[in-house]
Amino acid sequence: MNGRILIIGACGQIGTELTVALRERFGAERVIASDIRNGNEALMASGPFEIADAMDYRAIEDIIYRHKVDTVYLMAAMLSAVAERFPKKAWDLNMNSLFNILNLAKEGKIEKVFWPSSIAVFGPSTPKQDTPQQTIMEPTTVYGISKQTGERWCEYYHKKYGVDVRSVRYPGLISYTTEPGGGTTDYAVDIYHRALKHKHYRCFLKADTVLPMMYMEDAIRATISIMDADDVDVKIRSSYNLAAISFDPEASAASIRKHMPDFDISYAPDFRQEIADSWPQSIDDSQARKDWGWKHNFDLNEITSVMLKNLKPQYG
Ligand code: NAD
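Take 2 as the starting number for the sequence shown in the numbering used here and just add one per residue.
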């Protein structure tokens with residue numbers, strides 16, 4: 002790979018940190034960030050940036066041509082909770098943006114693609130514990146349906162047209178740099194902000210809702226690792242199961258109480274409870290560990306320490 006990298010949806014929760022990580026590694030000028038809106042100050046100051054709509058094929062093609070891009074990370078999407086409110090918009094964005102990139106790769110205009118899937122591809126009929134790589138997949142959310150369909154298309158473009166597309170099924174991601182973008186696991190980030198601001202959090206999921214989660218640094222490392230892997234080692238071209246830890250809101254609150262004994266949590270489940278109940282509680286990611294050496298680093302207590310330490314200055 003000698004060309005440049007384009008990140009679409011670079012101003013979001015993952016894109017912001019992925020852009021920084023890739024710029025540190027390859028140099029700022031080789032990594033083009035793009036989104037339909039501006040990102041935070043640090044991101045905007047860190048290197049080249051283009052405003053573009055991921056659904057506009059010509060606009061993306063133009064950026065690829067002008068900047069000599071050969072690798073695309075497609076991070077633009079509508080997330081699970083928001084997608085339930087705007088099903089058609091979610092479908093259009095999540096599918097059309099993917100088709101644009103897969104077709105650009107098929108036409109030889111780019112060489113390599115990263116596109117993230119999600120644990121939302123699974124549904125209520127999927128085994129909930131140690132969910133296997135290959136299992137029953139009957140997603141019941143708009144978002145999950147779009148991710149499952151996306152996985153099928155990625156595999157199809159790889160088999161049929163030799164497109165080098167790589168993907169992981171992210172669990173819920175926890176980070177302090179950027180606010181989460183409207184997913185069902187957002188509570189696991191919000192809880193730290195509220196703890197520092199109000200010493201109280203009203204959680205939109207029930208106390209015992211166990212979900213797979215991961216610290217952002219681990220997720221970024223996984224993303225870069227699968228893109229670094231030798232072609233032959235990437236045996237799954239739909240999307241890899243990827244896991245770190247699983248916990249429920251009560252465990253998250255308990256880990257915060259180790260630092261802030263007077264922190265208190267209450268529960269007011271909303272429509273997101275049903276989405277969470279349809280997802281796995283833990284994921285078997287042994288194939289990713291075997292094929293390209295995946296290994297997570299952060300457990301819940303480490304995540305809580307880093308989150309509280311880094312968010313504290315914001316709240317005085
Ligand atoms: P996010 O909502 O924080 O960021 C998405 C970004 O895409 C935003 O900056 C938004 O402005 C941009 N965007 C929206 N519409 C666009 C368009 N038409 N053209 C260009 N940009 C557009 O999302 P995220 O959490 O960073 O997620 C990135 C990817 O990872 C998504 O595909 C998401 O489904 C997947 N994912 C995220 C999580 C998570 O916990 N964050 C978990 C599983 C999968």
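Cβ atoms here follow ideal geometry from the backbone N, Cα and C, with glycine treated the same way.
Please name the residue, chosen from the options, that lies closest to residue i on a Cα-to-Cα basis.
i, options, result
"Ala-189", "Thr-179, Gly-173 and His-199", "Gly-173"
"Ala-208", "Asp-278, Met-261 and His-194", "Asp-278"
"Phe-100", "Thr-142, Ser-147, Gly-124 and Pro-181", "Ser-147"
"Arg-203", "Gly-151, Thr-17 and Glu-251", "Glu-251"
"Tyr-192", "His-159, Thr-127, Gly-151 and Phe-264", "First, the amino acid is wrong: residue 192 is Ile here, not Tyr. Closest by alpha carbon: Phe-264."
"Ala-46", "Tyr-74, Cys-12, Asp-63 and Ser-240", "Cys-12"
"Glu-180", "Trp-280, Leu-312 and Pro-270", "Leu-312"
"Pro-270", "Thr-186, Pro-128 and Leu-301", "Thr-186"
"His-194", "Ala-91, Met-138, Ile-257 and Phe-123", "Ile-257"
"Asp-219", "Asn-3, Ile-15 and Gly-4", "Ile-15"
"Val-122", "Glu-156, Met-138, Gln-130 and Asp-131", "Met-138"
"Leu-94", "Lys-107, Asp-63, Glu-62 and Asp-57", "Asp-57"
"Ile-237", "Lys-200, Phe-27, Thr-305 and Tyr-157", "Tyr-157"
"Asp-234", "Pro-88, Ala-34 and Trp-295", "Trp-295"
"Lys-198", "Pro-213, Asp-131, Gly-317 and Met-96", "Gly-317"
"His-159", "Thr-136, Glu-108, Thr-20 and Gly-4", "Glu-108"
"Phe-27", "Glu-42, Lys-200 and Asn-3", "Asn-3"
"His-201", "Asp-249, Ala-255, Gly-163 and Tyr-177", "Ala-255"
"Met-76", "Thr-20, Asn-39 and Asp-131", "Thr-20"
"Asp-249", "Asn-41, Ile-221, Asp-286 and Phe-205", "Phe-205"
"Ser-306", "Trp-280, Lys-291, Arg-290 and Lys-259", "Lys-259"
"Ala-43", "Thr-178, Asp-131 and Tyr-74", "Thr-178"
"Asp-131", "Gly-163, Lys-310, Trp-280 and Leu-301", "Trp-280"
Is it true that the CB of residue j sits closer than 8 Å to the CB of residue i?
i, j, result
"Gln-149", "Pro-140", "yes"
"Trp-154", "Leu-103", "yes"
"Ile-276", "Ser-81", "yes"
"Asp-165", "Asp-229", "no"
"Ile-37", "Asp-54", "yes"
"Gln-282", "Val-211", "yes"
"Met-217", "Glu-18", "yes"
"Ile-9", "Leu-23", "no"
"Lys-110", "Thr-72", "no"
"Ser-168", "Ser-98", "no"
"Gly-183", "Val-70", "no"
"Val-143", "Trp-92", "yes"
"Met-214", "Ser-247", "yes"
"Gln-288", "Asn-242", "yes"
"Trp-1", "Gly-145", "Residue 1 is absent from the structure shown; the chain starts at 2 and stops at 317."
"Ala-245", "Phe-299", "yes"
"Met-308", "Ile-175", "yes"
"Lys-119", "Tyr-171", "Just to set this straight, residue 119 is Ser in the shown sequence, not Lys. Yes, Cβ-Cβ distance for Ser-119 and Tyr-171 is below 8 Å."
"Ser-35", "Glu-51", "yes"
"Glu-85", "Phe-272", "yes"
"Asp-293", "Ile-227", "It is worth fixing the name first, because residue 293 is Trp in this sequence and not Asp. Closer than 8 Å, so yes."
"Ile-136", "Pro-128", "According to the sequence shown, residue 136 is Thr rather than Ile. In this structure, Pro-128 lies closer than 8 Å to Thr-136 by Cβ."
"Met-79", "Lys-90", "yes"
Quick check: is any heavy atom of ligand 1 less than 7 Å from the C-beta of residue i?
i, result
"Ile-15", "yes"
"Ile-37", "yes"
"Ala-330", "Shown here, the chain extends from 2 to 317; a query on residue 330 therefore has no answer."
"Met-171", "First, the amino acid is wrong: residue 171 is Tyr here, not Met. At least one heavy atom of ligand 1 is nearer than 7 Å to the Cβ of Tyr-171, so yes."
"Cys-12", "yes"
"Ser-247", "no"
"Leu-206", "no"
"Ala-55", "yes"
"Pro-117", "yes"
"Thr-186", "yes"
"Pro-250", "no"
"Gly-183", "yes"
"Leu-105", "no"
"Ile-9", "yes"
"Leu-94", "yes"
"Leu-99", "no"
"Leu-312", "no"
"Leu-243", "no"
How far does the beta strand (DSSP E) with residue i in it extend, from its first residue to its last?
i, result
"Leu-19", "That residue, Leu-19, is in no beta strand (DSSP E); its alpha helix (DSSP H) goes 14-27."
"Pro-213", "212-216"
"Glu-51", "50-52"
"Leu-7", "5-9"
"Ile-175", "173-175"
"Arg-31", "Looking at the DSSP string, Arg-31 is not in any beta strand (DSSP E), and its letter there is neither H nor E."
"Asp-292", "Element bounds for Asp-292: not the beta strand (DSSP E) but the alpha helix (DSSP H), 287-293."
"Asp-165", "165-167"
Hey, could you find the ends of the alpha helix (DSSP H) residue i is sitting in?
i, result
"His-199", "188-199"
"Gly-145", "143-162"
"Asp-278", "273-278"
"Ile-37", "Looking at the DSSP string, Ile-37 is not in any alpha helix (DSSP H), and its letter there is neither H nor E."
"Leu-309", "301-312"
"Glu-180", "Careful: Glu-180 lies outside any alpha helix (DSSP H) and carries neither H nor E."
"Ala-43", "42-46"
Beta strand (DSSP E) segments (min. 3 residues) lying fully within the region 57-86: Runs found: 70-75.
Which runs of the beta strand (DSSP E), 3 residues or longer, sit entirely within the region 104-139? Fully enclosed beta strand (DSSP E) runs of 3 or longer: 113-115.
Fully enclosed by the region 232-276, which alpha helix (DSSP H) runs are 4 residues long or longer? Taken in chain order, the complete alpha helix (DSSP H) segments of 4 residues or longer contained in the region 232-276 are 250-258.
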